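Quick notes on the structure that follows.
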Amino acid sequence: MGLFSKEYHQSSDERLMELVVRGDERAFAALYDRYQRRLLNYFHRMLWSDRETARDHVQELFTKLAQRPASYDPSRPFRTWLFSVANNMCKNAYRHQVVVKAAALELRQAPDRVDAQNGVEVDRERFRDRLDEELDRLDPDHKATFVMRYHEDMAIKEIAAAFGCSEGTVKSRLFYTLKKLAERLKEFDPQALERHGKA
Amino acid sequence: MERHERYDPEDIEHLLSERSFDALLEEERAYVMRHLGGREEYENMRALLLHVRHDEQQREEIEGDEQTRDRVMGAFRAQQRPTWRIWLNSLASVFAIDEHRSYWKPALAFGSLAALIGLGVYLAVVLPGKGELELAEVRQVPQKTVTEPGSSKEPALTPVTPPSDVAAQPETAAAPPNAAEAADRSVAIEHSSDNTGEVDAVVRNNEASLEEESQEDVVGAPVTGAVATVTVPAHAETVDLDDVRVVEVRELVTNQSMSNASGVQITKTKARTERSKGTVRQRSRNMANDPEVRGLLAQGW
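From first to last, the protein sequence lines stand for chains A and B. If you read the first sequence in this note's numbering, its first letter stands for residue 1, the second for the next number, and so on. If you read the second sequence in this note's numbering, its first letter stands for residue 1, the second for the next number, and so on.
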């Protein structure tokens, strides 16, 4: 039995997925509206900040969900399952875009670091570019863990469920990713970064 | 006893978020120093973590477009649209159904199959019988029937003559042997459809009257058919019953194609006795002598 329009937005993800499996179009639309923006930004962060690629992946993910809703495992939280699917799609994209990724890294290494090395003022945009550049150099699982933790603000437990690993593994990945990034971005004045972060 | 600490970097993440290196307690500082190189590394990680968290919140989020939404919803609708192909493709799942929600597809398939089988049986069994009935109605020859209700002298057999010569027929048949037995008889006269020169006279008797006749027949010969047909050449001005050939039911059974070719029509075969040739001729002559019958025939023509 279907739900009223208001109840679709109040229902849990898992309840909506039950309705989607039964062919409820409004439940599917509610799930799409709930997650398309987050997934779009996740793909944007994971796939070289390419908006069109991110949109294509969002469309592909929800098309898969529309065509095979029974592939969802009801025993798992929908959110973590959805991000695990998204993460697998990103891995596939990495495999097919090795050449593109290498070319993108070459382009990003071009800017000079004179201002940062002087430690005068941290340019926010430049720091973002450098951060994205270093994230692209990371292992895909480490990068995805970092993005889920600090961009999607997911809990350690949720990330572990999305990857199908233990919480200790997620903590270890986060620690070494943070340590590695801090080392690679040490040309930026830590005090200036901290002040910028508090601002 | 040496204390084994659990490796838990998230604890350091918590410390990085909350306190600077100088604000750490002695135990916390010792814990940090076991996993990090020193104060500088701790401060770098702390600055990065704070900035990343702040920066992620400040990042401009991109929005989805309506076209993507329309495409996705279109894919969902297309998937939910039932197709007749599924009942063929899902035959395998009938034997290995893994999910209860898949039951409706085999049910639909078998329902469709049952409907097709039912339709096929209907077409194979019911319609052919109906077609035979319609064929019998088509073959029934339109005929003029002259019946005199209430007449006690209605003849059993009627000699057939061309309409213009009816009045000129003096005596071609004898009167009916029993007037009462002819009360329910009807006389049918018809021309053959091709009009090639033969006039057929069809005498139809109902079952009841034939049963009576079979009991009162003078000859007493058993009759198996209720129809006696007299074929008369059309060119003859006067019907000569000596030239009339009576086709018996037995002959029609043995060679029906021959009877069809000669224009003989069988209208009804329900009697249980058979009539002999002599009886038929005698009754035809009797009817020819009956002026009332001749008058009715003249009016009919």
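Heads up, the beta-carbon is just placed ideally off N, CA and C, and yes, glycines get one too. Computed from a predicted structure; not experimentally measured.
Checklist entry - Within the chosen definition, does the segment 151–166 of chain A reach the segment 128–138 of chain A through at least 3 CB pairs nearer than 8 angstroms? => result no
Checklist entry - With distances taken from CA atoms, which of 184/A, 124/A, 58/A, 7/A is nearest residue 59/B? => result Start at 1 with the first residue of the second sequence, and residue 59/B comes out as number 59. Among 184/A, 124/A, 58/A, 7/A, the Cα nearest to that of residue 59/B belongs to 124/A.
Checklist entry - Looking at residue 170/A and residue 182/A, is the spacing between their C-beta atoms short of 8 angstroms? => result The count along the first sequence starts at 1 and reaches residue 182/A at position 182. The count along the first sequence starts at 1 and reaches residue 170/A at position 170. No, the pair does not count as a contact, with Cβ atoms beyond the cut-off.
Checklist entry - Helix, strand or coil: which one does DSSP assign to residue 49/A? => result Taking the first sequence and counting its residues from 1, the one referred to as residue 49/A is at position 49. Of the three classes helix, strand and coil, the one that applies to residue 49/A here is coil, per DSSP.
Item to check | Neighbour flag for residue 75/B against chain A, beta carbons, 8 angstroms | outcome: Indexing the second sequence from 1 puts residue 75/B at position 75. Chain A, which has a Cβ nearer than 8 angstroms to the Cβ of residue 75/B, makes this yes.
Next on the checklist: In whole angstroms, give me the CA-to-CA distance for residue 131/A and residue 56/B.
Outcome noted: By 1-based counting over the first sequence, the position of residue 131/A is 131. By 1-based counting over the second sequence, the position of residue 56/B is 56. Roughly 11 angstroms between the two C-alpha positions.
Next on the checklist: My output table needs one value for residue 165/A: the three-state DSSP class, helix, strand or coil.
Outcome noted: Numbered from its first residue, the first sequence carries residue 165/A at position 165. DSSP places residue 165/A in coil when its eight states are reduced to three.
Item to check | Neighbour-count burial assignment, residue 165/B, 16 or more Cβ in a 10 Å radius | outcome: In the second sequence, counting from the first residue as 1, residue 165/B sits at position 165. Note that residue 165/B scores a pLDDT of 47, beneath 50, so its modelled location is shaky and nothing firm can be said.
Checklist entry - Relative to the alpha-carbon of residue 56/A, which residue among 17/A, 26/A, 93/A, 164/A has its alpha-carbon at the smallest distance? => result Taking the first sequence and counting its residues from 1, one reaches residue 56/A at position 56. Residue 56/A has its Cα closest to that of 93/A, out of 17/A, 26/A, 93/A, 164/A.
Item to check | DSSP-derived helix/strand/coil call for residue 222/B | outcome: The residue given as residue 222/B occupies position 222 in the second sequence. Below a pLDDT of 50, predicted positions are generally treated as unreliable, and residue 222/B, at 46, falls in that range; the measurement from the model is reported next regardless. If DSSP states are grouped into helix, strand and coil, residue 222/B belongs with coil.
Item to check | CB of residue 90/A within 8 angstroms of CB of residue 144/A, strictly | outcome: Taking the first residue of the first sequence as 1, we reach residue 90/A at position 90. Taking the first residue of the first sequence as 1, we reach residue 144/A at position 144. Cβ atoms of residue 90/A and residue 144/A: closer than 8 angstroms.
Checklist entry - So what's residue 62/B in DSSP terms, helix, strand or just coil? => result Stepping through the second sequence from its first residue, residue 62/B is reached at position 62. Residue 62/B falls in the coil class under three-state DSSP.
Next on the checklist: So, for residue 54/A: in the same chain, excluding its five sequence neighbours on each side, which residues have a beta-carbon less than 7 angstroms away from its beta-carbon?
Outcome noted: Here residue 54/A refers to the residue found at position 54 of the first sequence. Around residue 54/A: 40, 43, 44, 47.
Checklist entry - Can you tell which of 49/B, 81/B, 114/B has the C-alpha that lies nearest to the C-alpha of residue 17/B? => result Your numbering for residue 17/B matches position 17 in the second sequence. When only C-alpha atoms are compared, the closest one is 49/B.
Item to check | Proximal chain B residues relative to residue 41/A, where beta-carbon distance stays under 9 angstroms | outcome: Residue 41/A sits at position 41 when you count from the first residue of the first sequence. Going along chain B in sequence order, the residues near residue 41/A (Cβ under 9 angstroms) are 59, 61, 62.
Checklist entry - Checking contacts by CB at 8 angstroms: is residue 48/B closer than that to chain A? => result In the second sequence, the residue the question calls residue 48/B occupies position 48. True, the Cβ-Cβ gap to chain A drops below 8 angstroms.
Checklist entry - Cβ atoms of residue 158/A and residue 79/A: under 8 angstroms apart, would you say? => result On the first sequence, residue 79/A is found 79 positions in, with the first residue counted as 1. On the first sequence, residue 158/A is found 158 positions in, with the first residue counted as 1. Cβ atoms of residue 79/A and residue 158/A: closer than 8 angstroms.
Checklist entry - Is residue 206/B helix, strand or coil by DSSP? => result Here the question's residue 206/B lines up with position 206 in the second sequence. Confidence at residue 206/B is low in this model, with a pLDDT of 47, below 50, so the placement of that residue is unreliable and no value is reported for it.
Next on the checklist: As a quick exercise: from 25/B, 23/B, 41/B, 19/B, pick the residue whose alpha carbon is nearest that of residue 176/A.
Outcome noted: Sequence index remark: in the first sequence, residue 176/A carries index 176 (1-based). For the residues 25/B, 23/B, 41/B, 19/B, the minimum Cα distance to residue 176/A belongs to 41/B.
Item to check | Min CB distance residue 72/B to chain A below 8 angstroms | outcome: By one-based count along the second sequence, residue 72/B stands at place 72. Yes, residue 72/B lies at the interface with chain A (some Cβ there is under 8 angstroms from its Cβ).
Checklist entry - Using a Cβ cut-off of 9 angstroms, which residues of the segment 113–128 of chain B contact any Cβ in chain A, in chain order? => result none
Checklist entry - Helix, strand or coil: which one does DSSP assign to residue 154/A? => result Working through the first sequence from its first residue, we reach residue 154/A at position 154. Of the three classes helix, strand and coil, the one that applies to residue 154/A here is coil, per DSSP.
Checklist entry - From residue 86/A to residue 114/B, what distance separates their C-alpha atoms? => result Within the first sequence, numbered from 1, the residue matching residue 86/A stands at position 86. Within the second sequence, numbered from 1, the residue matching residue 114/B stands at position 114. Spanning the two alpha carbons is a distance of roughly 44 angstroms.
Checklist entry - Under 8 angstroms between the Cβ atoms of residue 17/A and residue 69/A? => result Position 17 of the first sequence, counted from the start, is the residue given in the question as residue 17/A. Position 69 of the first sequence, counted from the start, is the residue given in the question as residue 69/A. Against a cut-off of 8 angstroms, the Cβ pair of residue 69/A and residue 17/A comes out as a contact.
Checklist entry - How many angstroms separate the CA atom of residue 15/A from the CA atom of residue 53/B? => result The residue given as residue 15/A occupies position 15 in the first sequence. The residue given as residue 53/B occupies position 53 in the second sequence. Residue 15/A and residue 53/B: Cα-Cα distance of roughly 32 angstroms.
Item to check | Euclidean distance between Cα positions of residue 117/A and residue 51/A | outcome: If you number the first sequence from 1, residue 117/A lands on position 117. If you number the first sequence from 1, residue 51/A lands on position 51. For residue 117/A, the predicted structure reports a pLDDT of 46, less than 50, and the residue's modelled location is therefore unreliable. A value from the coordinates is still provided. Going from the Cα of residue 117/A to the Cα of residue 51/A covers about 31 angstroms.
Next on the checklist: With a threshold of 8 angstroms between beta carbons, is residue 306/B in contact with chain A?
Outcome noted: Nothing about residue 306/B can be read from this structure; chain B reaches only from 1 to 301.
Checklist entry - Around the C-beta of residue 121/B, are 16 or more other C-beta atoms found within 10 angstroms, so that it is buried, or is it exposed? => result Residue numbering aside, residue 121/B sits at position 121 when the second sequence is read from its first letter. Flag for residue 121/B reads exposed.
Checklist entry - Going by alpha carbons, who is nearest to residue 74/A out of 188/A, 21/A, 173/A? => result Against the first sequence, residue 74/A aligns to sequence position 74. It is 21/A whose Cα lies nearest to the Cα of residue 74/A.
Checklist entry - Can you tell me whether DSSP reads residue 77/A as helix, strand or coil? => result Taking the first residue of the first sequence as 1, we reach residue 77/A at position 77. DSSP places residue 77/A in coil when its eight states are reduced to three.
Checklist entry - Given that a residue counts as buried once 16 or more other Cβ atoms are within 10 Å of its Cβ, and exposed if not, what is residue 21/B? => result Residue mapping note: residue 21/B aligns to position 21 of the second sequence, counting from 1. Counting Cβ neighbours within 10 Å, residue 21/B comes out buried, since at least 16 surround it.
Checklist entry - Of all the CB atoms in chain B, is at least one closer than 8 angstroms to the CB of residue 121/A? => result Mapped onto the first sequence, residue 121/A falls at position 121. At residue 121/A the pLDDT is 48, less than 50, meaning the model places this residue with poor confidence; the figure from the coordinates comes in the next sentence. Judged by the 8 angstroms Cβ criterion, residue 121/A is not in contact with chain B.
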